[in-house]
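In the UniProt record's numbering, the protein residues as written are 1 to 635.
Built from N, CA and C at the ideal position, the CB exists for glycine as well.
Structure record follows, encoded as structure tokens.
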């Protein structure tokens, strides 16, 4: 290897500096995971070489036996990990080792609190791969050459994990990457064959290529040992998903998940299936325990690892699951696709539609099982991915009923506001004669839990779902019924409780509407430009008035979504409903002074606007009218 040339010193990306600072200060209590991360990266490099070599076999350079080798030097206090995978060019090293190209980086950094224990947990969620080397190393050196480049275009990268790194061109005859960790003082335990073997077997036994360590020698002659070095494979070196389920332990499934998802935490659950018949493929799908920072970034990578006949084809193959299941991680290994399959072919191949149908069913099966048998785990899942699952009814009409059964909502049955009510449980608790599922949308639980719209439902003991996620109003545009029961927005249209209203209720409503015809006409003359209709309410028992939406009008959530996206929001006037038995309405009905009547009517109307969660168009006018009325009352 020749002397370094074209040496330059470059600064780390600001985000990397922050991560490295946390790493170097030993945030991880489990330091040995550095080796798992580096092995995982080496495995990915081998997969990428296999794939590129399908069309360019010359990249294998007469060295088709892919492997990972780990060695150590106790005296020099170093651990070296070497692979003969795809390797890196100089530009690759600068890009991949100096920056974090991940769309959720900004969100991740905002989440860091300065609390070491909490921040360690967050770093684990983010996944840091190569940078975990600095947990145990005071200096890291990388020697690499990309397959297909000449030996003279090797690269040497080195850093002490502080503000910058050095990069230079070197002569490197063999392709692939060699990483040398110069261990910190006190971390000498990792420069030990027995320790390294145990770490490999614990975390990386599932890696589908050989991980080799030198066989232990007992000669005192160092030169003799180095001359007669023998390598032995210390892992199974077989693809985990190809093994029978009965032979795989839970901890092996979990370590494989961490490898493919680059996650530091266990998965919540998984499903492992082999399909034989018209289609032949194996799938191993995982449901994570937490959401990645880029879950809501539309350009974030998503999808499953695709293999064809055990040959890696691509990461993030997103054609096998619908978008609302984008949180699922895993692998699909098909015998029916060709080795030169491309994304364009995946989008058009009929076999993909069949696989997508079955894989979607598998994920819904495992979620239903989790919800039924492990409700606490499902609660964790819902907290992480509930809003994404709510995209399902719009996207996947065929599975709409099943997806609806997995949704969870807050309701008037529980004052905590926790989203824990399943639709099946709601239907089971429905009152005799009830044939509708009632719901109310709003900005927050605090805003809608005491909404005037709920008054008649509380009086009659009817449960109402309280929907406060920004996506909920949009969701309900697609989720029209469940288990044969129609959904009804209690703030929309002319409320009809059907059999839940008695004959006496209906007679009282009709009589009240007739008795207040004169008041209704007076209110219309005052509010004509602000409402579409004024009518007596069947919803209210305690409040004087309320605003209702027309059947086709946009609610507050949808209006805010459209406004935030820069779209024009159609103008819509509400329906103004009054409670004929309320003292304020009775007082208003007897008011003979038209100016005072107008002030009184507009104050009650503005209060209804506020109760609906809307802002007043002219707060100053409201305050002046209210003050005038208060002065008159106190006179």
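Check: Exposure of residue 357, with buried meaning 16 or more beta-carbon neighbours within 10 Å; Outcome: exposed
Check: Distance, residue 313 Cα to residue 235 Cα; Outcome: 23 Å
Check: Local conformation of residue 447 per DSSP, three classes; Outcome: helix
Check: Continuous alpha helix (DSSP H) assignments of at least 4 residues falling wholly in the region 437-509; Outcome: 445-448, 455-460, 472-476
Check: At least 3 beta-carbon pairs within less than 8 Å: the region 331-348 vs the region 287-295; Outcome: no
Check: Straight-line gap, residue 31 to residue 441 (C-alpha atoms, nearest Å); Outcome: 47 Å
Check: Start and end residues, alpha helix (DSSP H) containing residue 41; Outcome: 33-55
Check: Selection from 272, 167, 81, 572 that minimises the alpha carbon distance to residue 214; Outcome: 81
Check: Cα-Cα separation, residue 377 to residue 288; Outcome: 11 Å
Check: Contacting residues, own chain, Cβ-Cβ under 6 Å from residue 272 (five flanking each side not counted); Outcome: 245, 284
Check: Rounded C-alpha distance that separates residue 77 from residue 34; Outcome: 16 Å
Check: Spatial neighbours of residue 524 in its chain, beta-carbon cut-off 7 Å, leaving aside the 5 residues before and after; Outcome: 534
Check: Three-state secondary structure (DSSP) of residue 96; Outcome: helix
Check: Closest by C-alpha distance to residue 433, when choosing among 502, 467, 366, 384; Outcome: 502
Check: Residue 104, buried or exposed, once every other Cβ within 10 Å from all chains shown has been counted against 16; Outcome: Low confidence applies here, because residue 104 scores a pLDDT of 48, under 50, leaving its location unreliable; read the following figure in that light. Buried, since its Cβ has 16 or more Cβ neighbours within 10 Å.
Check: 8 Å CB neighbourhood of residue 50 in its chain, flanking five on each side removed; Outcome: 66, 311, 312
Check: Rounded separation between residue 168 and residue 185 - CA only; Outcome: 27 Å
Check: Assigned exposure category for residue 37 - 16 Cβ within 10 Å defines buried; Outcome: buried
Check: Beta-carbon gap between residue 86 and residue 45 smaller than 9 Å; Outcome: yes
Check: Contact the region 528-544 vs the region 447-467: 3+ CB pairs below 8 Å; Outcome: yes
Check: Residue(s) in a DSSP beta bridge with residue 314; Outcome: 306
Check: Those residues which DSSP pairs with residue 273 across a bridge; Outcome: 283
Check: Residue 130, DSSP secondary structure in three states; Outcome: helix
Check: Span separating the alpha-carbon of residue 617 from that of residue 625; Outcome: 14 Å
Check: Sequence-distant residues of the same chain with beta carbon closer than 7 Å to residue 136, five excluded per side; Outcome: 31, 34, 181, 183, 184, 187, 190
Check: Cβ pair residue 575, residue 585 closer than 9 Å; Outcome: no
Check: Supposed close pair residue 438, residue 457 - CB separation, criterion 8 Å; Outcome: 7 Å
Check: Selected residue, minimal CA-CA separation from residue 365, among 195, 286, 497; Outcome: 286
Check: Sequence-distant residues of the same chain with beta carbon closer than 6 Å to residue 588, five excluded per side; Outcome: 600
Check: Sheet register partners of residue 214 (DSSP bridge); Outcome: 231
Check: For residue 182, the residue or residues it bridges with in DSSP; Outcome: 78, 139
Check: At least three beta-carbon pairs within less than 8 Å, the region 475-486 to the region 392-406; Outcome: yes
Check: Residue 241 to residue 20 span [Cα, whole Å]; Outcome: 34 Å
Check: Backbone CA spacing between residue 12 and residue 165 [nearest angstrom]; Outcome: 7 Å
Check: Cβ pair residue 68, residue 89 closer than 9 Å; Outcome: no
Check: N- and C-terminal bounds of the alpha helix (DSSP H) containing residue 259; Outcome: 250-261
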